[in-house]
Amino acid sequence: MTKNINPTDETFENLRSVCGFSNQEIVELTATVSAYNFASRTATRLQKYADASRCEK
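Numbers -6 to 50, taken from the working numbering, label the letters of the sequence shown in order.
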């Protein structure tokens, strides 16, 4: 999971210069990472509720 959700301009420049990514590839990479973070954080939070509801039975 990503700890720092605010990448710097240097991060994007490194993706271009070091990795050779185009702007479109950077957007796609950012969207993919965001989707995985969303899914992970949502699943983690829902798991806490699922565990609590089992105890109430």
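C-beta: ideal position from N, C-alpha, C; glycine also. Predicted, not measured: the structure shown is a model, and the values here were computed from it.
Item, Value
"C-alpha gap between L8 and E21, whole angstroms", "12 Å"
"Reduced DSSP secondary structure (H/G/I, E/B, other) of N16", "helix"
"Collapsed DSSP secondary structure at T23 in the structure displayed", "helix"
"C-beta neighbour in chain B for S33, strict 7 Å", "The structure shown contains no chain B, having only a single protein chain."
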